[in-house]
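Chemist: Start counting the sequence shown at 170; every next residue gets the next number (my numbering). Even for Gly, the Cβ is constructed at its ideal location relative to N, Cα and C. Nothing here was measured: the structure is a model prediction, and the numbers come from that model.
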Amino acid sequence: MKYRYQIKILSGPLSGRRLRLPEGEFTIGGADPDLDAMLEGGGSAVLDCTEQGVLLRTEVPVWIEGVPTRMEQAPLPLEKVVDIGGLALLVGDAERALPERKVPPRRDGRRGMAATVLAYAGLVLLMSGSAGAAIWAYGMLQPDSAVVDRDEWLAEWRKRARQQGIDVATQQDGLTVLGGSCLDSSARNALVDKLREHGKPYRDNTLCQDELVRNVQAVLNLHGFGEARARPGQAGGTVVIQGTIHADARWRRAVSMLSSMQGLQRWSVEDPVGASVKTLIGMLRDAGLIGRLSVAREKDLILITGVLDEGGQRSLSAVTHAFAGSYPEAPKVIFQNIPTRSIQTGIFPAPVVSFGGSGELAFLDLANGTRLKTGSRLPAGHVIVHLDRNGIDLEREGELMHLPLEL
Numbered sequence: 170m171k172y173r174y175q176i177k178i179l180s181g182p183l184s185g186r187r188l189r190l191p192e193g194e195f196t197i198g199g200a201d202p203d204l205d206a207m208l209e210g211g212g213s214a215v216l217d218c219t220e221q222g223v224l225l226r227t228e229v230p231v232w233i234e235g236v237p238t239r240m241e242q243a244p245l246p247l248e249k250v251v252d253i254g255g256l257a258l259l260v261g262d263a264e265r266a267l268p269e270r271k272v273p274p275r276r277d278g279r280r281g282m283a284a285t286v287l288a289y290a291g292l293v294l295l296m297s298g299s300a301g302a303a304i305w306a307y308g309m310l311q312p313d314s315a316v317v318d319r320d321e322w323l324a325e326w327r328k329r330a331r332q333q334g335i336d337v338a339t340q341q342d343g344l345t346v347l348g349g350s351c352l353d354s355s356a357r358n359a360l361v362d363k364l365r366e367h368g369k370p371y372r373d374n375t376l377c378q379d380e381l382v383r384n385v386q387a388v389l390n391l392h393g394f395g396e397a398r399a400r401p402g403q404a405g406g407t408v409v410i411q412g413t414i415h416a417d418a419r420w421r422r423a424v425s426m427l428s429s430m431q432g433l434q435r436w437s438v439e440d441p442v443g444a445s446v447k448t449l450i451g452m453l454r455d456a457g458l459i460g461r462l463s464v465a466r467e468k469d470l471i472l473i474t475g476v477l478d479e480g481g482q483r484s485l486s487a488v489t490h491a492f493a494g495s496y497p498e499a500p501k502v503i504f505q506n507i508p509t510r511s512i513q514t515g516i517f518p519a520p521v522v523s524f525g526g527s528g529e530l531a532f533l534d535l536a537n538g539t540r541l542k543t544g545s546r547l548p549a550g551h552v553i554v555h556l557d558r559n560g561i562d563l564e565r566e567g568e569l570m571h572l573p574l575e576l
């Protein structure tokens with residue numbers, strides 16, 4: 170693939186990262202994006218890479234070097250800070266290193282207004298940076314009656330802020346500084362709105378749990394783990410990643426970004442689907458069915474394969490019904506009433522001819538003279554994690570399957 174241009178992200182959880190842009194359209198935000206980012210107002214933007222340069226199409230507001238800019242058909246300037254609805258980036262040649270730049274503050278397009286008018290009318294300036302970070306300044310004349318009961322109101326406001334996990338401090342100049350890991354951004358925004366209504370200057374340095382989850386999900390999507398889901402952890406600043414994750418180069422790059430993410434103290438990875446397969450194998454073993462069936466995960470399904478008579482099928486139906494009731498989020502279970510020998514062919518290097526031993530000393534002998542036991546690794550990458558006369562439990566890259574011996 171040919172690359173003419175690259176972007177360097179200057180804000181948000183991906184700050185400092187570089188992405189090469191392929192020829193054609195590259196979508197930011199919205200539904201099914203190439204780069205999953207939260208733009209102001211939930212909007213989206215399209216970067217169109219052509220021979221003439223990188224064109225920008227978007228309905229969200231745009232600033233270039235802090236100056237509000239109406240997008241025309243001209244290409245974006247190279248190595249200038251472009252603020253697309255809160256996502257700041259540089260565009261540059263794909264083969265050249267991009268410079269280190271800070272995001273300039275947004276300037277008011279009406280800067281020529283007289284200072285006396287601003288003093289009486291008030292000025293609100295909102296600068297978007299990383300999620301949850303903003304500063305609001307004002308200059309407003311108020312009558313004395315407007316400050317009645319302000320201390321009482323502020324004490325109640327501080328109490329509600331603490332309930333949301335927000336740390337509140339007041340500087341000597343009267344600026345209220347918000348910090349910490351808040352619980353919910355909508356509740357935080359409601360508290361901030363109250364400060365605005367009462368004309369209270371503030372700086373917001375908070376990062377809420379739902380914003381942190383969105384940032385982690387953006388990293389997963391960027392590195393090809395779109396099917397995995399980020400969930401809030403039990404404690405603030407923690408996230409649980411649910412899905413099948415393989416420890417490959419993509420995951421190592423994702424870990425590099427997660428380890429430097431602002432506000433992310435700890436994360437864990439779990440595979441609820443893999444755990445549900447293990448549970449189902451245990452239920453089949455308890456029902457006395459496991460010696461005649463194979464169990465394997467295939468994409469969004471759990472396949473049970475083997476030949477059963479009517480009584481066996483009724484027993485299997487009872488097990489799968491109980492499993493579905495206990496694990497409603499598990500994949501759908503499909504039964505295939507066909508022999509399982511064809512499944513074994515691609516896993517073992519030679520046919521299984523005998524079983525011996527018991528417990529931890531159990532082993533299998535193959536037709537080529539190989540002896541396998543618990544812990545043995547097969548050519549396809551499967552590892553034997555359980556072995557008895559009823560069958561073999563195999564694991565590969567976190568996925569569990571069971572095969573009957575059929576000797």
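Tell whether a beta-carbon distance below 8 Å holds between L352 and Q386.
Modeler: no
Chemist: Buried or exposed: where does V408 fall if 16 or more other Cβ atoms within 10 Å of its Cβ makes it buried?
Modeler: buried
Chemist: Please confirm if the segment 475-483 is in contact with the segment 439-456, defined as three or more CB-CB distances below 8 Å between the two stretches.
Modeler: no
Chemist: What beta strand (DSSP E) runs, 3 residues minimum, are completely inside the segment 370-436?
Modeler: Counting only runs of 3 or more, we get 371-374, 398-401, 407-411.
Chemist: Taking 7 Å as the cut-off, is the C-beta of T413 nearer than that to any heavy atom in the ligand MG?
Modeler: This structure does not include the ligand MG; it has no bound ligands of any sort.
Chemist: P497 and D469 look like a contact to me (Cβ under 8 Å); what is the Cβ gap, rounded to whole Å?
Modeler: Not quite, the Cβ-Cβ distance comes to about 15 Å (not below 8 Å), so this is no contact.
Chemist: Can you tell me where the beta strand (DSSP E) with F532 in it begins and where it stops?
Modeler: 532-535
Chemist: Could you give the distance in angstroms between the alpha-carbon of L259 and the alpha-carbon of S184?
Modeler: 11 Å
Chemist: Shortest alpha-carbon distance to P370 belongs to which of R357, G393, H392, T339?
Modeler: T339
Chemist: Excluding the 5 residues flanking E228 on each side, which residues of the same chain have their C-beta closer than 7 Å to its C-beta?
Modeler: G212
Chemist: Please name the residue or residues paired with H571 in a DSSP beta bridge.
Modeler: V464, D562
Chemist: If we ignore side chains and look at the alpha-carbon of each, how far apart do R187 and A404 end up?
Modeler: In this structure, the CA atom of R187 is about 32 Å from the CA atom of A404.
Chemist: Cα separation between R435 and R265?
Modeler: 35 Å
Chemist: When you compare only the Cα positions, how much space is there between E220 and R173?
Modeler: 8 Å
Chemist: Based on the DSSP output, what are the partners of I578 in its beta bridges?
Modeler: The structure shown has nothing for residue 578, since the chain only spans 170 to 576.
Chemist: What does DSSP give as the partner residue(s) for G193 in the beta ladder?
Modeler: C218
Chemist: Would you kindly work out how many angstroms separate the C-alpha atoms of W326 and L360, rounded to a whole number?
Modeler: Taking the Cα positions, W326 is about 8 Å away from L360.
Chemist: Per the DSSP calculation, T345 is bridged to which residue(s)?
Modeler: T339, Y371
Chemist: Anyone know if the C-beta pair for I176 and L190 falls short of 8 Å?
Modeler: yes
Chemist: Answer yes or no: do L114 and Q431 have a C-beta to C-beta separation smaller than 8 Å?
Modeler: Outside the shown range of the chain, which is 170 to 576, sits residue 114, and nothing can be said about it.
Chemist: Any idea what DSSP makes of P237, helix, strand or coil?
Modeler: strand
Chemist: Helix, strand or coil for V488 per DSSP?
Modeler: Helix at V488.
Chemist: Note down the Cα distance separating P518 from L204, rounded to an integer number of angstroms.
Modeler: 43 Å
Chemist: Classify P418: buried if its beta carbon has 16 or more other beta carbons within 10 angstroms, exposed otherwise.
Modeler: Residue 418 is actually Ala in this sequence, not Pro. A418 should be labelled exposed.
Chemist: Provide the residue(s) that pair with D557 in DSSP beta bridges, ordered along the chain.
Modeler: G560
Chemist: Reducing DSSP to helix, strand and coil, say where T227 ends up.
Modeler: strand
Chemist: Classify V442 as buried or exposed, calling it buried when 16 or more other Cβ atoms lie within 10 Å of its own Cβ.
Modeler: buried
Chemist: For R270, which residues does DSSP report across the bridge?
Modeler: According to DSSP, which records beta bridges pairwise, R270 is partnered with nothing at all.
Chemist: Output needed for A206: all residues of its chain with C-beta closer than 6 Å, excluding positions within five of it in sequence on either side, in chain order.
Modeler: Answer for A206: I197, G198, L256, listed in chain order.
Chemist: If you follow the beta strand (DSSP E) that R540 is in, where does it begin and where does it stop?
Modeler: In this chain, the beta strand (DSSP E) harbouring R540 covers 540-542.
Chemist: Measure the alpha-carbon distance for F492 versus I503 and round it to whole angstroms.
Modeler: 12 Å
Chemist: So is P508 buried or exposed if we call it buried at 16+ other beta carbons inside 10 Å?
Modeler: P508 counts as exposed, since fewer than 16 other beta carbons sit within 10 angstroms of its beta carbon.
Chemist: Please identify the residue among I459, L389, L458 whose C-alpha is closest to the C-alpha of M426.
Modeler: L389
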